[in-house]
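Numbering (this note's numbering), first residue to last: 289 to 755.
Note that the Cβ used here is the ideal one computed from N, Cα and C, for glycine as well.
Owing to the predicted nature of the structure, the values given are computational and were not obtained by experimental measurement.
All remarks here apply to the structure that follows.
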DNA sequence: CTATGGCACGGATT
DNA sequence: AATCCGTGCCATAG
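This is how it looks when you write it as structure tokens:
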């Protein structure tokens with residue numbers, strides 16, 4: 289019976305493969321749910337919660353100590369421990385993939401979730417009580433970054449006046465992603481408008497529309513809006529355009545970059561990214577860092593106590609527990625595999641699309657998943673699954689789907705966008721098509737129309753000449 | 001008559 | 001095998 293141990297640890301390959309594949313195609317958010325449900329239903333699985341404060345059970349923003357209780361994290365040295373969420377710089381490696389690419393790039397997987405991300409920014413300006421409140425608020429955010437508790441409850445809980453809580457909430461809202469911690473999209477937008485108008489000029493109409501015209505705007509009833517605010521249709525369109533370009537009604541789903549978004553429509557917003565690519569210390573002179581967001585804090589492992597207990601179990605229970613044990617170790621192994629694949633994939637992508645990441649859409653290179661799969665010596669479907677449903681945050685804070693790295697038409701689309709932006713008079717699709725042909729892009733007239741709508745650019749006769 | 005968007009087909013990609 | 005993408009044809013709007 290002792291042999292079952294070995295058999296259990298070494299998983300049945302078909303099941304292993306099947307689960308690896310499904311886990312691979314899951315974005316972090318869903319993966320987290322998956323793990324949590326398994327964690328609560330499977331006694332063999334254990335989460336050693338190194339990064340959560342044992343007293344207040346809140347997130348630890350920095351490795352080391354809890355901002356609320358100032359407790360050091362617990363040490364754990366168990367050889368069965370598997371890092372689901374490696375500490376910072378856990379995985380650092382030289383990049384020698386390209387021939388003359390900078391060999392300085394390094395990759396590290398770190399763990400950041402939204403509450404932590406926000407808390408890191410605001411913790412310096414808060415006292416201890418403020419931190420407690422902030423942590424409480426942040427742990428009650430929904431997936432869009434909106435608050436799910438009322439301020440009164442929080443105030444009661446901490447026995448403090450509501451105004452204090454409001455104060456904290458406001459601080460949170462003004463941290464990145466701007467508007468996080470609001471109660472609804474409208475509130476988030478307003479915060480963003482205020483912040484933006486400190487730096488740039490924002491048309492008054494924008495604020496008006498957000499305050500009173502949300503319903504009409506979301507239904508794209510622009511003429512009604514124009515009527516309500518007694519202004520021209522063009523003005524309204526401009527304002528709505530401004531909103532979709534610069535603001536984001538769902539703070540947690542995406543940042544709005546300084547650069548314009550490829551999908552200006554409200555219907556297409558992306559969730560919390562699976563991967564963050566940024567400069568070291570946000571300094572463009574420094575190296576690129578690729579963070580692969582992992583779903584959990586602490587370490588996930590097979591509970592060693594459970595493993596021992598199974599030997600003394602009654603034969604009836606034994607079967608059931610053996611099954612649990614098997615599932616647990618399978619899950620852990622699959623997670624490791626997922627992380628590994630994601631890392632290798634990202635390493636490859638980043639080296640190949642370096643210019644695209646740093647300098648923008650114009651420099652994307654057309655690559656296919658098939659190419660990558662050859663390079664990494666894995667099956668095509670593996671890459672497909674790894675790419676599917678994932679989003680990446682670029683150094684300029686834009687969030688794009690990972691599949692954009694394989695977009696064949698993005699390059700032409702940016703050229704097209706430039707043409708229209710710099711046009712003197714509105715150009716028709718046919719004219720644009722022939723201009724593109726001169727530049728070396730052979731595309732049909734019909735295709736130009738498609739690209740145009742993909743970029744959210746109005747047809748020629750509705751465009752006004754830009755200044 | 002011109003410009004554009006919808007539908008659908010075929011080839012490439014996944 | 002399923003899906004995505006570019007394109008041609010056609011209907012419709014201006």
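- For residue 708, the enclosing alpha helix (DSSP H) starts and ends at 698-709.
- Beta-bridge pairing by DSSP links residue 449 to no other residue.
- Distance from the CA of residue 528 to the CA of residue 494, rounded to the nearest whole angstrom, comes to 7 Å.
- For residue 679, the beta-bridge partners assigned by DSSP are 689.
- In this structure, the CA atom of residue 449 is about 27 Å from the CA atom of residue 465.
- For residue 479, the secondary structure class from DSSP, reduced to helix, strand or coil, is helix.
- Exclusion of the five residues before and after residue 578 leaves 395, 563, 565, 634, 638 as the residues of its chain whose Cβ lies within less than 7 Å of its Cβ.
- Using a Cβ distance threshold of 9 Å, residue 418 and residue 459 count as a contacting pair.
- In this structure, residue 331 sits away from residue 678, with a CB-CB distance that is not shorter than 9 Å.
- For residue 436, the number of other beta carbons within 10 angstroms of its own is below 16, and it is reported as exposed.
- Using a 10 angstroms sphere on the CB of residue 649, the tally of other CB atoms reaches 16 or more, which defines it as buried.
- In terms of Cβ geometry, residue 670 and residue 694 do not form a close pair [threshold 9 Å].
- Its Cα nearest to that of residue 420, the residue 445 stands out among 310, 750, 445, 470.
- Counted as a single uninterrupted DSSP element, the alpha helix (DSSP H) harbouring residue 615 occupies residues 603-640.
- Annotation: residue 650 is outside any alpha helix (DSSP H) and is labelled neither H nor E by DSSP.
- Two segments are said to touch when three or more pairs of C-beta atoms, one from each, lie closer than 8 Å; by this definition the segment 736-743 touches the segment 717-724.
- When beta bridges are read from the DSSP output, residue 565 appears opposite 578.
- Residue 484 sits in a helix when the DSSP states are folded into three classes.
- In the structure shown, residue 743 adopts coil according to DSSP, grouped into three states.
- In the DSSP annotation of this structure, residue 751 is not part of any alpha helix (DSSP H), being labelled neither H nor E.
- Of the candidates 623, 686, 661, 686 places its Cα closest to the Cα of residue 645.
- Excluding residues up to 5 positions away in sequence, 748, 751 lie with their Cβ nearer than 6 Å to the Cβ of residue 714 in the same chain.
- For the pair of segments examined, the segment 600-609 was found not to touch the segment 622-632: the number of CB pairs separated by less than 8 Å stays below three.
- Taking C-alpha positions only, residue 461 is separated from residue 524 by approximately 27 Å.
- For residue 509, no alpha helix (DSSP H) encloses it, and the DSSP letter there is neither H nor E.
- Ranked by how close their Cα comes to the Cα of residue 730, the residues 703, 746, 590 have 703 in first place.
- Here DSSP, grouped into helix, strand and coil, assigns residue 468 to coil.
- Rounded to the nearest whole angstrom, the CA to CA distance from residue 498 to residue 698 is 31 Å.
- Approximately 10 Å separates the beta-carbon atoms of residue 333 and residue 324; this is outside 8 Å, ruling out the contact.
- With contacts defined as CB atoms closer than 9 Å, residue 467 and residue 454 fail to qualify as a contacting pair.
- Secondary structure at residue 517: coil, using DSSP grouped into helix, strand and coil.
- When only Cα atoms are considered, residue 307 and residue 472 end up about 37 Å apart.
- Sequence-distant Cβ neighbours of residue 672 in its own chain, meaning closer than 7 Å and more than five residues away, are 657.
- Residues of the same chain with a CB within less than 7 Å of the CB of residue 674, apart from the 5 flanking positions on each side, are 312, 629, 630, 633 in chain order.
- No Cβ-Cβ contact shorter than 9 Å links residue 477 with residue 513.
- When secondary structure is reduced to three states using DSSP, residue 305 falls in the helix class.
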